Structure formats: structure tokens, C-alpha cells
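Position 147 (the sequence shown) corresponds to 162 in the working numbering; numbering is contiguous. C-beta atoms are modelled at their ideal positions from N, C-alpha and C, and glycine is treated no differently. Fair warning: this is a prediction, and the values are worked out from it, not measured in the lab. Remarks on the structure that follows.
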Amino acid sequence: MAVALVSSSRQVGRLTNAARRLYSDVYPKITTHYTIHPRDKDPRWKAQEYCNMHFLYGECGGNASAAAALYRERYPNARHPDYRVFIRVHSCYLEGRIPGRGLGGTSEGRPQLIDAQDIVLNKVAEDSTISVRDIARREGIAKSTVHRILKRRKFHPYHVTRVQTLQPRDFAARVTFCRLMLDKIEEDSEFFDRILWSDESSAKRDGFLNLHNLHSWQLTNPHLIREDKSQYQFKINYWTGILNGKIIGPYEMPGNLNGPGYLNFLQNVLPGLLEEETDILIIGGGPAGMAAAIRARQIAEEKGAEVRVTLLEKAAEAGGHILSGACVDPIALNELIPDWKEKGAPMNTPVTSDKFGLLTKGGRIPLPVFPGLPNWNHGNYVVRLGHLVRWMSEQAEALGAEVRTTT
């Protein structure tokens with residue numbers, strides 16, 4: 016005897032697969048038909064099921080109850096939706112939406128992909144500088160969905176390039192200048208070699224501080240601070256020029272840059288700078304900059320060439336802005352200055368042993384150190400890096416390089 020049980024209760028609608036299999040094993044001749052309550056969000060209808068619902072809804076002339084009964088008859092082994100689901104599916108298609116999330120409930124849910132794509136593309140067309148976050152917040156679309164839509168449509172967030180502000184009267188003057196330069200080049204191909212191209216730059220104390228890259232790995236918060244703003248301000252103005260492919264300067268302009276000061280520079284300082292041409296200019300007096308200055312002078316002496324090497328360091332003295340405390344591998348110094356020991360390099364503390372450990376709340380867990388790994392420091396030296404850079408500056412100057420500091 017076969018018994019058909021039909022229920023629309025939520026409890027039957029939420030029967031798990033395991034429970035249904037066990038029920039079928041105990042009562043093999045009993046077939047259970049159940050309907051899905053429209054407020055149940057556990058079951059997920061497939062696209063084909065939505066199509067079947069809408070097809071039967073039309074076949075029944077828009078009668079949802081008849082469509083639900085016909086669905087149970089035509090698909091006896093499938094899940095059977097409530098008649099209200101047929102109405103909602105038809106409404107979704109009328110509104111141009113794809114049935115899915117929010118179907119059968121009181122909330123429409125998030126816009127589906129086909130609608131979200133139109134919304135996102137329209138927003139970008141209206142304002143190409145709008146952010147993904149703003150689109151997601153204003154339209155209620157997930158940020159990941161906005162990103163995915165823009166990526167699929169080959170959109171790329173191109174960045175803005177900062178340029179100098181031009182007034183309407185400036186364009187004609189620039190076109191005239193360019194045409195004049197082209198005419199001069201046709202008359203004399205070396206015309207540009209006799210032009211001194213120059214510019215000025217200012218360095219201030221109140222620059223931008225990026226705290227994102229400043230951190231300290233600790234087990235507890237050490238409440239680190241760093242002095243940022245100060246009531247004592249200073250500014251350094253530098254002038255640099257290029258003439259015939261060679262660097263002129265740089266020169267530190269005294270005081271604020273103004274008309275009388277610049278006129279004094281042109282009349283009394285620039286002629287001397289033109290006689291002091293720099294062949295190689297190195298910015299920054301760290302270990303790499305000092306090594307570059309030393310090697311450049313070594314090569315010049317080997318070739319018997321007259322090469323002027325100038326190094327600029329923003330600190331008051333060489334090594335003044337170098338974080339002290341380091342473990343140095345002497346392999347590069349052996350190649351650069353083989354007799355560094357005889358010349359008094361401040362490397363007097365060789366590494367005798369290595370100990371590494373993982374700090375825990377209650378103690379320390381020792382970690383092994385093997386030869387060949389980056390933390391194997393045998394043969395290296397413990398140094399104060401600022402002292403080493405200062406010594407390298409002395410070696411560079413002894414070879415003929417010019418090291419300029421802010422003093």
C-alpha cells in the first residue's frame with residue numbers, strides 16, 4: 016500500500032537529506048512529497064527550475080495555484096515550490112531581474128549580476144573618477160562584485176599625472192617657443208648644447224610622514240612615539256643646472272629664494288660653478304652611495320681619466336642619518352678596499368656565536384642556526400654603521416671625491 020504525504024509546514028520543508036534517506040529505507044513504499052515555504056532560504060533553486068516554473072505559469076494562464084499543482088504532477092521527484100514562488104518568478108522576469116537571492120521573502124535582496132553590471136557601468140560613465148567603495152555604498156552592491164564587473168569589462172584605474180598649472184595665455188607662448196627651438200636646431204644642430212637648463216628645489220622639515228611603514232614587532236604594545244611637528248622650522252633651497260650633458264652644481268641658495276638673491280647668484284656664483292663641472296653626481300651618503308663614489312674614483316685612476324665625482328649628503332656629517340647597529344658581511348668591502356683593516360675601518364668585533372630564539376609570553380624557544388642560511392653570521396662583524404659610513408667618506412675624499420654635507 017502506497018501512502019502519499021503532502022505537507023507545506025516548515026518542519027517538513029527543512030528535512031535533511033540524511034533523514035529522508037533513512038525514512039525511505041524504513042518505509043520503502045511510502046513516497047513523501049513536500050513543498051518549500053516561500054520564506055525558507057535554505058534551498059537554492061537552479062536556473063532550470065526557475066525556467067520550468069515560469070513555463071508552467073504561462074501554460075496555466077497565470078494561475079499560480081494551478082501551476083504549482085501541475086509542477087508537482089510533471090516533476091514528482093523534484094522539489095515542489097509554493098504557488099507564491101511562481102508569482103515572484105514571473106515578477107522578476109517582468110522587472111528584468113534574474114530570480115535568486117531574496118526570492119519569496121519580504122526583501123528584494125541585492126541586485127543580481129545583470130542589473131548590477133548596468134548600474135556599475137552607468138555610474139562609471141557618469142563619473143569616471145568614482146571609487147569602487149562609493150559605488151558599493153550607494154547602490155548596495157558588494158565591493159567584490161563591482162571589482163569583478165569592471166575587470167571583466169576591461170576597465171583599469173589609471174592614475175592622474177600632476178602637471179604644472181597653465182593659464183590660457185600660456186599655450187600660445189609655448190607653441191611659439193617650440194617652433195623657435197625647432198628652427199634653431201635646423202640652423203645649428205648643437206644649439207641645445209649651449210643652453211643652461213636649471214631648476215630649484217626646496218627641502219623642508221615638515222614633510223609627509225608615512226606611518227604605515229613604521230612599526231615594531233612586539234608581544235605587548237610598547238606605545239612607540241615619534242616626534243613629528245616642531246615649532247622650529249627650516250628650509251633648504253638647492254639650485255642645479257645641466258649644460259652640454261654635464262651637471263652644474265648643486266648649489267645651496269642662502270635664505271629664501273627671491274629676485275635680488277637670485278640676481279646675486281647669477282652674477283657672482285654661477286660663473287664659478289660653470290668652471291666646476293661635475294661628471295658624476297651621487298645623491299645620498301649611505302653605504303651604497305659612498306661605495307659608488309669610491310669605485311668611480313678608483314676606475315678613474317685606473318684609466319688615467321679626469322673625472323669629477325660629487326656626493327651630496329643631507330646630514331650635517333657623513334653617517335649622521337644612518338641607523339646604527341648592524342651585522343656586516345665584509346665580502347663587498349674586501350673587493351672595494353682590500354686593505355680596509357690596515358686603513359683602520361671601524362670593524363673590530365667579529366661574530367663568535369649566533370643565538371636565535373622565539374620569544375613567548377613566559378620564556379624563549381631556541382631556534383637552530385645552520386651554515387648557509389641568512390642568519391648564519393660567522394665571519395661577519397658587528398659594527399656601528401654610522402661610524403663605518405663616516406670612515407668610507409674619508410676614503411672617498413682621499414681618492415679625490417667631493418663629499419658635500421649641509422654644514
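- Taking C-beta atoms under 8 Å as the contact rule, V139 and F170 qualify, at a distance of about 7 Å.
- DSSP places W406 in the helix class (H, G or I) of the three-state scheme.
- Taking a C-beta distance under 8 Å as the contact criterion, W406 and P361 qualify as a contact pair.
- Beta-bridge pairing by DSSP links Y266 to W254.
- Judged by DSSP secondary structure, G276 falls within the alpha helix (DSSP H) whose first and last residues are G274 to N279.
- For A411 and G378, the gap between their C-alpha atoms comes out near 47 Å.
- G387: not part of any beta strand (DSSP E); DSSP gives it neither H nor E.
- In the assembly as shown, E64 is a buried residue. Its beta-carbon has 16 or more other beta-carbons within 10 Å.
- Taken through DSSP and simplified to helix, strand or coil, A83 comes out as helix.
- Taking 8 Å as the cut-off, the Cβ atoms of S217 and K250 count as close.
- Going by DSSP, I164 is part of the alpha helix (DSSP H) stretching over K158 to R167.
- The bridge partners DSSP lists for L296 are T325.
- Residues F101, V104, H105 and Y108 of the same chain have their beta carbon placed closer than 8 Å to that of H69, with the five preceding and five following residues left out of the count.
- Distance between L374 and V178, taken at the CA atoms: about 51 Å.
- In this structure, DSSP gives D203 a state outside helix and strand, which the three-state scheme calls coil.
- If you draw a straight line from the Cα of G340 to the Cα of L400, it is about 6 Å long.
- Three or more beta-carbon pairs drawn from the segment 280–295 and the segment 319–338 are found closer than 8 Å, and the two stretches are therefore classed as touching.
- Residue pairing by DSSP places R379 opposite L374 in a beta bridge.
- If the five residues before and after V397 are omitted, its C-beta is found closer than 7 Å to the C-beta atoms of C342, T364 and V366, all from its own chain and listed in chain order.
- K261 carries a strand assignment under DSSP once its states are collapsed to helix, strand and coil.
- The residue from K376, I346 and R209 with its alpha-carbon nearest to that of T235 is K376.
- Under the three-state reduction of DSSP output, S143 falls in the coil class, being neither helix nor strand.
- Counting only residues of its own chain and dropping the five nearest sequence neighbours on each side, G270 has a CB closer than 7 Å to the CB of G276.
- DSSP places E332 outside any alpha helix (DSSP H), giving it a letter other than H or E.
- Rounded to the nearest angstrom, the Cβ distance from N259 to D203 is 14 Å, too far for a contact under 8 Å.
- Our two residues, E267 and A131, have alpha carbons roughly 58 Å apart in a direct line.
- Across the structure, K318 and D198 are spaced so that their CA atoms are roughly 41 Å apart.
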